[in-house]
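Student:
2 protein chains.
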Amino acid sequence: MHDIKPIGVIHSPYSNIEDMPIQPKGASGVKGQVLVNEAYIDGLQDLEGFSHIYLLYSFHQAARTELVVTPFMDNQPRGVFSTRSPLRPNHIGISIVRLKKIQANTLFVEDIDVLDQTPLLDIKPYMHKFDAVKASRSGWMQSSDDDIKKKRSDARFK
Amino acid sequence: MHDIKPIGVIHSPYSNIEDMPIQPKGASGVKGQVLVNEAYIDGLQDLEGFSHIYLLYSFHQAARTELVVTPFMDNQPRGVFSTRSPLRPNHIGISIVRLKKIQANTLFVEDIDVLDQTPLLDIKPYMHKFDAVKASRSGWMQSSDDDIKKKRSDARFK
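What follows is the structure in structure tokens.
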């Protein structure tokens with residue numbers, strides 16, 4: 007398998023995991039910058055045409071792996087692969103954020119829900135034709151939009 | 007940053023990249039199995055409640071990185087981060103597939119668009135409340151659903 011290394015770094019207003027939004031939906035309007043290593047700048051061509059992008063990154067402050075966790079939006083232990091917890095094997099996170107503009111190797115984004123200094127692994131365009139799921143069932147996850155917006159993280163996944 | 011290693015393997019009917027669907031939308035009903043290493047079996051609890059899951063994996067047959075590529079759905083060169091090409095730095099792919107059932111450490115999935123023997127990196131639940139994007143703009147990507155369904159890959163990203 008290919009080696010995986012950071013291709014840049016994500017800057018956000020959140021330097022501590024405590025009190026951070028738990029998902030982009032809870033971070034509406036929160037501004038961040040994605041700095042892509044200069045070696046990869048040509049890869050950013052044409053990206054500005056997309057309103058939303060996936061960021062793939064490493065949960066760098068997750069210090070351990072746990073196979074069963076209690077998610078922020080639930081009060082019962084759940085298998086980690088049925089959650090978005092950072093304590094998953096490989097500690098890879100994904101967030102769909104709004105792309106506002108690109109200047110040289112800096113992406114200005116909104117709705118950012120990651121820690122400052124998060125190592126960036128990849129950027130992909132959100133494509134409605136590929137990514138929109140028309141009807142889905144969300145298992146244990148029954149919280150309201152309002153609950154998700156209000157929820158803030160704590161130290162449980164550190 | 008955390009080391010990233012396979013946590014399992016994806017089996018699909020596609021042993022060659024030529025003639026493979028280019029996205030889950032082109033692989034409707036195509037059956038695959040995701041074998042998760044037995045060490046992680048407890049992490050699969052509660053996942054069966056979700057109708058759709060993200061698979062994160064390594065494009066193991068991508069032999070090089072290119073920063074500008076001509077995507078399958080376009081006839082112009084584009085920055086690789088504005089595409090879903092396997093030739094991206096780190097060679098990480100994501101697909102949203104249907105989860106039909108789980109037996110022990112095997113996930114039975116549909117709409118699979120990856121090569122047989124693809125190394126699995128992570129599984130995440132698709133959560134409508136986190137992941138649905140209400141209105142988005144998809145840049146250069148203007149193909150119809152029908153074009154996407156019909157399109158098959160070729161050797162360009164090998």
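Chains H and A are the protein sequences, given in the same order.
Its first residue numbered 7, the first sequence is counted upward by one per residue in the working numbering.
Its first residue numbered 7, the second sequence is counted upward by one per residue in the working numbering.
Where a beta carbon is used, it is the ideal one built from N, C-alpha and C, also for glycine.
1) Restricting to Cα atoms, I'd like to know which of Asn81(H), Val139(H) and Gly35(H) is closest to Trp146(H).
2) Quick one: which residues of the segment 108-137 of chain H get their C-beta closer than 7 angstroms to a C-beta of chain A? List them in chain order.
3) Should Arg84(H) be labelled buried (16 or more other beta-carbon atoms within 10 Å of its own) or exposed?
4) Once the 5 residues before and after Ile108(A) are set aside, which same chain residues still bring their CB inside 7 angstroms of it?
5) Going along chain H, which residues have a C-beta under 7 angstroms from Ile102(A)?
6) Can you grab the Cα-Cα spacing for the pair Arg104(A) / Tyr20(A), in whole Å?
7) Under DSSP, the alpha helix (DSSP H) around Asp153(A) begins and ends at which residues?
8) Residue range of the alpha helix (DSSP H) that Asp137(A) falls in?
9) Answer yes if the segment 14-33 of chain A comes into contact with the segment 116-126 of chain A, meaning at least three C-beta pairs across the two stretches below 8 angstroms, and no otherwise.
10) Kindly indicate the opening and closing residues of the beta strand (DSSP E) around His58(A).
11) Run down chain H in chain order and give the residues with a C-beta less than 8 angstroms from the C-beta of Tyr175(A).
12) Hey, is Lys31(H)'s beta-carbon within less than 8 angstroms of any beta-carbon in chain A?
13) Which residues mark the beginning and the end of the beta strand (DSSP E) in which Glu116(A) is found?
14) Residues of chain A with CB closer than 7 angstroms to the CB of His58(H), please, in chain order.
15) Spatial neighbours of Asp160(H) within its chain, please: C-beta separation below 6 angstroms, excluding the five flanking residues on both sides.
16) Given a cut-off of 8 angstroms, decide if Phe65(A) and Ile28(A) are closer than it, judged by their beta-carbon atoms.
17) Using a C-beta to C-beta distance shorter than 7 angstroms, which residues of chain H count as neighbours of Gly145(A)?
18) Quickly, what does DSSP pair Ile98(A) with across the bridge? List them, please.
19) With a threshold of 8 angstroms between beta-carbons, can Pro12(H) be considered close to chain A, or not?
20) Counting only the same chain and skipping the five closest in sequence on each side, list residues whose C-beta sits under 7 angstroms from that of Ile102(A).
21) According to DSSP, is Trp143(H) part of a helix, a strand, or is it coil?
22) Check whether chain H comes within 8 angstroms of Ser34(A), counting only Cβ atoms and requiring the distance to be less than that.
23) Check whether chain H comes within 8 angstroms of Ser64(A), counting only Cβ atoms and requiring the distance to be less than that.
24) Drop a sphere of 10 angstroms on the beta-carbon of Gly32(A), count the other beta-carbons inside from all chains shown, and report buried for 16 or more, exposed for fewer.
25) Could you give the distance in angstroms between the alpha-carbon of Glu44(A) and the alpha-carbon of Ser18(H)?
Tutor: With the given structure in hand:
1) By one-based count along the first sequence, residue 146(H) stands at place 140. It is Asn81(H) whose Cα lies nearest to the Cα of Trp146(H).
2) Close to chain A, meaning a Cβ-Cβ distance shorter than 7 angstroms, are the following residues of the segment 108-137 of chain H: Pro125, Leu127, Asp128, Ile129, Lys130, Pro131, Tyr132, Met133, His134, Lys135, Phe136 and Asp137.
3) Stepping through the first sequence from its first residue, residue 84(H) is reached at position 78. By the 16-neighbour rule on beta-carbons within 10 angstroms, Arg84(H) is buried.
4) The residue labelled residue 108(A) in the question sits at position 102 within the second sequence. Excluding positions up to five away in sequence, the list reads Leu50, Leu53 and Glu54.
5) Position 96 of the second sequence, counted from the first residue, corresponds to residue 102(A). What Ile102(A) touches in chain H: Asp137 and Val139.
6) Here residue 104(A) corresponds to residue number 98 of the second sequence, with the count starting at 1. Here residue 20(A) corresponds to residue number 14 of the second sequence, with the count starting at 1. One C-alpha to the other measures close to 17 angstroms.
7) As a working note, residue 153(A) is residue 147 in the second sequence. Element bounds for Asp153(A): Asp151 to Lys156.
8) Walking along the second sequence from the start, residue 137(A) turns up at place 131. Where Asp137(A) is concerned, the enclosing alpha helix (DSSP H) stretches over His134 to Asp137.
9) Counting Cβ pairs under 8 angstroms, three or more are found: they touch.
10) Residue numbering aside, residue 58(A) sits at position 52 when the second sequence is read from its first letter. Where His58(A) is concerned, the enclosing beta strand (DSSP E) stretches over His58 to Ser64.
11) Outside the displayed range of chain A (7 to 164) lies residue 175(A), so it cannot be described from this structure.
12) Along the first sequence, one-based indexing puts residue 31(H) at 25. Using a Cβ-Cβ cut-off of 8 angstroms, Lys31(H) counts as an interface residue toward chain A, since at least one Cβ of chain A sits closer than that to its own.
13) Start at 1 with the first residue of the second sequence, and residue 116(A) comes out as number 110. Membership of Glu116(A) in the beta strand (DSSP E) is indicated by the continuous run Thr112 to Glu116.
14) Walking along the first sequence from the start, residue 58(H) turns up at place 52. Residues of chain A passing the Cβ test: Val139 and Ser142.
15) Here residue 160(H) refers to the residue found at position 154 of the first sequence. Result list for Asp160(H): Glu24, in chain order.
16) Residue 28(A) sits at position 22 when you count from the first residue of the second sequence. Residue 65(A) sits at position 59 when you count from the first residue of the second sequence. Not closer than 8 angstroms, so no.
17) Sequence index remark: in the second sequence, residue 145(A) carries index 139 (1-based). Residues of chain H whose Cβ lies closer than 7 angstroms to the Cβ of Gly145(A) are, in chain order, Asp52, Gly55, Phe56 and Pro131.
18) Taking the first residue of the second sequence as 1, we reach residue 98(A) at position 92. According to DSSP, Ile98(A) bridges with Ser64(A).
19) Indexing the first sequence from 1 puts residue 12(H) at position 6. Under the 8 angstroms criterion on CB atoms, Pro12(H) is classed as interfacial with respect to chain A.
20) Here residue 102(A) refers to the residue found at position 96 when the second sequence is read from its first residue. Answer for Ile102(A): Pro30, His58, Tyr60 and Tyr132, listed in chain order.
21) Position 137 of the first sequence, counting from 1, holds the residue named residue 143(H). Here residue 143(H) is Arg; the residue named in the question, Trp, does not match the sequence. Here Arg143(H) sits in coil by DSSP.
22) Translated into positions along the second sequence, residue 34(A) becomes position 28. Taking Cβ atoms only, chain H never reaches closer than 8 angstroms to Ser34(A), which makes this a no.
23) Position 58 of the second sequence holds residue 64(A). Yes, Ser64(A) lies at the interface with chain H (some Cβ there is under 8 angstroms from its Cβ).
24) Along the second sequence, read from residue 1 onward, the residue named residue 32(A) stands at position 26. Result: buried.
25) In the second sequence, the residue the question calls residue 44(A) occupies position 38. In the first sequence, the residue the question calls residue 18(H) occupies position 12. Straight-line Cα distance between these residues: approximately 37 angstroms.
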